[in-house]
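Mapping the sequence shown onto UniProt numbering, position 566 (from 1) lands on 566, and the numbers just tick up by one.
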Amino acid sequence: MRVHLQKIILYNFKSFCGEVIIGPFQPFTTIIGPNGAGKSNIMDAISFVMGEKISSLRVSRLNDLISKKSDGTLMTHSAHVTVIFEIEGRSKEFTRGIHNSSNIYKINNQVVKVEFYKHKLASLGLNIKSKSFLVFQGNIEAMCITSPKEISIMFDEISKSAELKSEYERLKNEMHEIDLDLRHIIQKKKCLLTEKKRLLIQQQEAEEYNLLQEEYHDKKTELQLFRLFHIRRELGDLKLLWNDNISKMNKYDDEKKSAEIILEQKKKKYFEVINQETMMENNLITIDLQETHQTTQLVAAKEKISHLQQKIPFIRTSLTKAHLADEVHNKTMKDLQKELTKIEVLKMNLTQSVSSELESQGSNMELDNAQVKEYYLLKGTVQRECVKFTKNLNVLRHDQENDQNKLDNEKRKKIEVEDKKKKLQFMLKETEKRLERLEQYVIKTEVTLTDQKNMEHNLETDITQNKIAIEEMKVELDKITNKLNDITIDKFTVSREYQKLNTITILKDLFPEVYGRLFTLCKPIHERYNIAVTKVLWKYKDAIIVKTEKVAKQCIEYLKRQQISVETFLPLDSLKIQPFNDQLKNNLSDMIYPKTVQFLYDVIEYFPKEISNAISFVTKNTLLCETSEDARKVAYESHLNDRYTCVALDGSYYQKSGIISGGSFDLSAKSAIWKDKQIQEMKLRKVALIEKIKKASKCIRKQSELNTMNSEILSLTNKLKYSRIDVDNIKKQIVDFKQEIENIDHQLISIFNNIESIEKIINKRYNKIQDIENQICNVEDRIFSVFCRSINITNIRVYEKGRLRIYGEQKKRECELENQYNRIKNALDFEKHYNTKDEIEKYEIAVQAAEEQLKIALEEESAITDTVDKQKDELKELRHIHTNIKTEVIKMKNEVAQCRHQIGIIAKLILETRRERTIIEVKIKQKKIEMNNIFKSCQMEDIIIPMSHQNTLNNSPWVSSINTSSSNTEQSEDGIFSKINFSFLLYELQIINGDQFDNVKTQLLKNISTIQNKLDSIPAPNLKAGENLELICKKLDAINKTLKDTRNTAHIARNKFTRVKEERISRFMKCFDYLTFHIDYIYKYLLNNMSAQATLVPYNPEEPYLDDINYSCIVPGKRFHFLSSLSGGEQVLAILTLLFAIHRYEAAPFIILDEIDAALDKINIVNVVNFIRSNLDLMHFITISLKKELFVNADGFIGVTARQEQELVESSVFLLSFESYGSKPNN
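Put into C-alpha cells, the structure is as follows:
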C-alpha cells in the first residue's frame, strides 16, 4: 500500500499563529531556517499529531502548546495539527486537537478514540512507540551511548515481541512454581519410603531385644543373690574387729592427756621468755634508729665541712686573682703617667729645635720689619679683595677644625672602649672556665646522686614489700596452721600412699614425659561434685598419665625390674577417645526438665592442659545430674530417644548398659581423697611460706644500710645545692659580662660609623678649601708680584713655605703632641675610675664568712660524734643481753618441741588406731550401702529378689535408706537377710570362699556384660513400629495420587509456556534477521565502501530478548570496534544505519531527520544524501539542516522564519519546489 505525506496543517500550535499549511511535501524535503525560528516546532507538531505524550514535546502542560499573544496570554483555547496522507490516490486526514485543556482525536473530521486513532496510524507503519520515523535533534548523540541491553529492549518493542512479555513471565513463573511443588512431592515420597524401610528393621530389632532382656534379668537376679549372700558373711567378721579397736583407742587417749598437761606448763614458761626477747628487740630497734639518725646527721655535717673546705680555697683563688688585677691596674696607671710626662718634655724640645733650625738658615724668629710691614700691607690688600673668599674659607676651616676635633675625640673613645672590651673578655673567659669546672662537678654529683637514689628507692621498696609480704605470709601461715590443727586425725588415707608417692617421684626423675597420677592432676571445680567425680574416676584414680605408649612401656619394664607393685598407665597418644556428642550437647541446652544436666567433663579442673584426652577417656560422655531420680530419667526415659551414662551428685551411677550402682557413704569416704590432696597442698604451702619469711627477714635487716645510704644522699644533695647556687651566680656574672661586651660592641659600631661619616665630611670640605685657596693664590700672585721680585722669589708662597714653614711645622707637631697628651690623660682618668679594691674586699669577706661556717660545722661534728659513740656502746651492751635471752628462748623452744614430739608419737598411734577403726567402719558401711544399692538397683531394674514368707522388695520396710552411722553398728542386718530366700542360689556359689569370690563375681558380671553388649548393640527398639508402618503406607498412597495430578498440571503449564516462548522468539528473530541483513548493506552504502561491515550479535542466541545485543562495526582501514569505541562521525553513521534499517522494517511512509548532519563532515554528508536519493522510491525523507551540502540536494525547501515581538516568537513558513526549475540550483 503506497502512502504519501501531502500536507501538514497547524493551527495556533506553539509559534505558528493562525492556520499554517506546510506542503505539499516532495520525496526529499529539507526544512531550513535560522536558530530559534521554529524548525523544531514543526517536528513537535508531527510528533503531536502522531499521538506522542506531552512530556516529550518540551512542555509540561497541554495548554503550553497553544500560541500566545504578545502579552503572554493564549490566543484561543483550542489548537490542532492535521496531517494529510495520500493513500492509493485518496486523501486521508488525521487530526489531533486541543480544546479546553483536553485532547481531541479525529480521522477525516470524525472524532475517534485515541486507541483507534493510534491503531490506524500503526497500520500505515507509523508506530509512535518505536518512533523510528522521528529522529529528533540530539537523538543521534543519545543513541551513540546506548547500551547493548537498551538495543535489545528497542528490538523487543519494534518486533512487537514485548506484547507477549507479561504473558511470557506469568507462564514462566507458574511453570517454575509447579516444578518446585513437583520436586517437593517427590522428595517427600522418598522420605516416606525410607521411613517405611526403617520401621521394618525396627520391628525385627524389637523382637530380638525382648528375648535378650529376659535373659539379662535372670542373670542379674543370680548376681544380686550371690553378692547379698557374701555381704552377710563379711559383716559378721568386721564387727569383731571393730570391738577390739575401741579398747585400744581408750588407752592411747589417756596417755595423750597426761602429755598435753606437761606441754602447757612448758609453753607458759616459753612465752614468758619470748616476751622478754620481744621487749629487748624493741629496745634494740629504738636505739638502733637513734644511732642511725645521729649517723645521718654526722654524715651531713661531714659533707658540709667537706664542701666548705673545698669552697675556701676556691674563694682564696678568686681573691688572689683580684689582687693580681689590682696590681695590673696600678701598673697601668704608672705607665700612663710616665707617658704623660714624656709628652710634656717633647713639647719643650720641639720649641728649642725650631729656633736652632731658623738660625742655621741665617734668620731668626722675627722677620724683617720692612718686609713684614710690606707683606702685611699687601696681605691686607689681598684680604680686602678676597674678603668673600676668606670669609668662606674661614667658615670652612672652622668647620674643618671642629670636625677634626670630633674625629680625634672619636678615635680616642675607640681606643678606650677597645681596651675596656679586652679586659671584659679576659674576665669573661676566666669566669666561663670556672663555670665549666663547676658544671662538670654538678653533672658528676647529679649522676652519683641519681644512682644513690635509685639504689635507695630499690632497697626501700624491697624492704617495704618484704615487710608487707611477711605480714601477709604470717596471716596466711596462721590460717593454714589453724586449718591443719582443726583437721581431725581420722581422715581416710590410702595405706600405700607413701609408697605410691615414692614410685611416681622415681618415674618422673627417670622419664620426663610422665605427668603424674590422675587424682593429683585434676580435681572437681567445687566440693559438691566430689562424690560424683569420685564415683566415675575411682577406677583410674591411681592411674599414671604419660605422654606416649613408648614411655608407658619403659615405665612398666622398670617397675618389673625393681619388683615394684603393678601400676595402671594412660598413654595420651593411644587412648581411644569417645568424641563429644555435639548433638547431645545441643539437646541438653533445649531440655526443659531436668534443666541442670551437664557433662561431667565440664566440672573437672585439670592441669596441665595436655592431659585433656585422659580426662575425656575416663569420663566417656558421662552426664551429671542433681538427683538420683533426674539421673535415672535422663539415662533411660529421656525424650532424646537414646540411653546415656549418668551420675548423680549422691553417687548414683546409671550406665548405658543398664548397670546401676550407688554407695553414698562409701563414696563419701572415698571422696576424702580430694581433701587429703588439699591437706598435702597446705603442708607444702606452709613449708614454702616459712622459707619465704626467712628470706624476707634477711632483706629487712638491710635497714641500717638504707640509713647510711640516706645520709650519703643528704650529703650529696647539700653539695649539689651549694654548687648549683654558685653555678647560677656565675651564670649571672657571665650574662652581665656578655651584656656589657655587647653594649661595648654596639658602642664601637656607633664610633666606627661616626668616624667614617666625619672623615667623609672632612674630605669633601677639604676639596672646597683647596678650590678657594687656589682662587686666593691667584689674587696673591697678582698683588705680591712686585714684592716677590724684590726678594727674588717666585711667588709669595715660596716665602711662606720657606721661612714660615718651620713655624707651621712647629704648630702641627704641637697639635699632635697635644692630641696624644689628651688621649693618655683620658685613659689615665678611666683607670682612676676603675676600682679593683671592691673586688678584693668582697672576696676577703667571703673567705672570712666561709671560715666561720667551717668552724661551726667542725664543732657540730664533734658533738654528734660523741653522741654516736655513746649510743654504740649502749647498743653493744644491749645486744649482749639480747644474745643471752635468745639462748634461753632456744632452750625453752627445744623443750616444748620435745614435748610436742612425744605428743606427736602418741597422736600417730591414735591416728593409726583411728585409721584402722575408720577402715573397719568404712568397710561395714560399704557393705551396708552395697546391700542397700543392690536393693535399689533391683527396684529400678524390676528384679525380684526371692523372699521368704512371701515378702517382696516393694513392700519391705528396709528397702528405704539404711542408717549407716557408727552408733547404729548393732543394727540387725540379720533381720534383713532372714527375709531373703537364699535357697534359689546354687550351692556351688554359696560355698565360694573369699579368695574365689572376686573371680566368680567377675565371671557373673562378664556373662551379664556379654548380654548387655548385645543389648547395647541393638538400638532402643521402637515398640510402636507396626502402628507407624501402617500409617506410612496410607501416606504413600495419598502422595502417589497427588504426584500424578501435579505431573499432569506441570505438563499443561509447560506446553502453554513453550507456545508463548516460540511465538516471542519468532517475532524477535524475524525483526533481528531483517535488521542484521539490511544494516550491513546500508552501512556499506553510507560509507561508500564494500569493506565496511556492521553486525548485530545476540549474547543469548536461544532467547535473545532476555540479554544484550552487541552492535559493532568495522570502518574501512580500521580494526573491529564496538559502537562506543568509534569516533563521533563514525558513531553517527552507525546509528543512521540502524535507524534506516528499522525504518525499512516498519515500512513507515516517511522519516523526519532533525539536524542529523551536525557531527558529519562533507564526504559523509554526501554519502548520506546519495543514500537518501537512492531510497526515495521506498520512502520520503524530511530533513532539518543548516548545512548546504545537505539541503542543496533536496527536491524542495521549507523555509522557516520568525518575527519576535517582546518575548514571543511568531513563525512563518515559505515553500520552494525545484520542479518548476527543471533541475536543482547549483551551489
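Using N, Cα and C, we set each Cβ at its ideal position, and we do this for glycine too.
{"Item": "Paired residues, beta bridge with Ala37 - DSSP", "Value": "Ala37 is not bridged to any residue."}
{"Item": "Pair within 8 Å by beta-carbon distance, Leu624 and Gln655", "Value": "no"}
{"Item": "Three or more C-beta pairs below 8 Å linking the stretch 301 to 309 and the stretch 851 to 863", "Value": "yes"}
{"Item": "Cβ-Cβ separation, Ile1109 to Ser152 (assumed contact under 8 Å), whole Å", "Value": "5 Å"}
{"Item": "Beta-bridge partners of Glu4, as assigned by DSSP", "Value": "It should be pointed out that residue 4 corresponds to His in this sequence rather than to Glu. Beta-bridge pairing links His4 to Glu86."}
{"Item": "Sequence ranges, alpha helix (DSSP H) only - wholly within the stretch 773 to 844, length at least 4", "Value": "785 to 790 and 796 to 833"}
{"Item": "Contained beta strand (DSSP E) runs [length at least 3] in the stretch 543 to 568, N- to C-terminal order", "Value": "544 to 546"}
{"Item": "Neighbourhood of Met50 by C-beta, 7 Å cutoff - its chain only, sequence neighbours within 5 removed", "Value": "Leu121, Leu126 and Ile128"}
{"Item": "Bounding residues of the alpha helix (DSSP H) (the contiguous stretch that carries Asn993)", "Value": "Taken as a continuous stretch (DSSP letters only), Asn993 belongs to no alpha helix (DSSP H), as it is neither H nor E."}
{"Item": "Closest Cα partner of Leu1029 within the set Val81, Thr30, Gly38 and Leu193", "Value": "Leu193"}
{"Item": "Supposed close pair Leu424, Phe737 - CB separation, criterion 8 Å", "Value": "6 Å"}
{"Item": "Neighbourhood of Thr1042 by C-beta distance below 8 Å, restricted to the same chain and skipping five residues each side", "Value": "Ile185"}
{"Item": "Own chain residues within Cβ distance below 6 Å of Lys1153, not counting five before or after", "Value": "Here residue 1153 is Leu; the residue named in the question, Lys, does not match the sequence. For Leu1153, where only same-chain residues beyond five positions count, the Cβ hits under 6 Å are Val135 and Thr1183."}
{"Item": "Contact between the stretch 1137 to 1144 and the stretch 1073 to 1087 (3+ Cβ pairs under 8 Å)", "Value": "yes"}
{"Item": "Where the beta strand (DSSP E) containing Cys625 begins and where it ends", "Value": "Leu623 to Cys625"}
{"Item": "Alpha helix (DSSP H) segment containing Val1166, residue limits", "Value": "Lys1162 to Ser1174"}
{"Item": "Run of the beta strand (DSSP E) containing Lys160, from where it starts to where it stops", "Value": "Looking at the DSSP string, Lys160 is not in any beta strand (DSSP E), and its letter there is neither H nor E."}
{"Item": "Reference Leu1106, options Lys53, Asp156, Gly89 and Ser60, closest by Cα", "Value": "Asp156"}
{"Item": "Closest residue to Glu851 among Asn999, Pro313 and Glu291 (Cα-Cα distance)", "Value": "Pro313"}
{"Item": "Between the CA atoms of Gln563 and Val647 - distance to the nearest angstrom", "Value": "38 Å"}
{"Item": "Whole-angstrom distance between Phe85 and Tyr117, CA atom to CA atom", "Value": "14 Å"}
{"Item": "Cys17 classed as buried or exposed, judged by whether at least 16 other C-beta atoms fall within 10 angstroms", "Value": "buried"}
{"Item": "Close beta carbons around Val59, own chain, < 8 Å, minus the five adjacent residues each side", "Value": "Leu65"}
{"Item": "Val647 (DSSP reduced to helix, strand or coil)", "Value": "strand"}
{"Item": "CA-to-CA distance, Leu985 to Glu222, given in whole angstroms", "Value": "7 Å"}
{"Item": "Cβ neighbour criterion (16 or more within 10 Å) applied to Gln110", "Value": "exposed"}
{"Item": "Phe25 beta carbon near the ligand FAD (any heavy atom closer than 7 Å)", "Value": "Here there are no bound small molecules, and the ligand FAD is not part of this structure."}
{"Item": "For Arg517, three-class secondary structure by DSSP", "Value": "strand"}
{"Item": "Proximity below 8 Å, CB of Glu567 to CB of Val546", "Value": "no"}
{"Item": "Leu570 in three-state terms, based on DSSP", "Value": "strand"}
{"Item": "Three-state secondary structure (DSSP) of Ser1211", "Value": "strand"}
{"Item": "Top-ranked residue by Cα proximity to Glu705, from Asn933, Ile824, Asp462 and Thr505", "Value": "Asp462"}
{"Item": "Beta-carbon proximity of Lys927 to Glu234, cut-off 8 Å", "Value": "yes"}
{"Item": "Where residue 1271 sits in the DSSP three-state scheme", "Value": "Because the chain spans 1 through 1227 in this model, residue 1271 falls outside it and cannot be assessed."}
{"Item": "Reference Lys1162, options Asn409, Leu1087 and Cys777, closest by Cα", "Value": "Leu1087"}
{"Item": "Residues near Ala322 by beta carbon distance below 7 Å, same chain, minus five either side", "Value": "Thr836, Glu839, Ile840 and Tyr843"}
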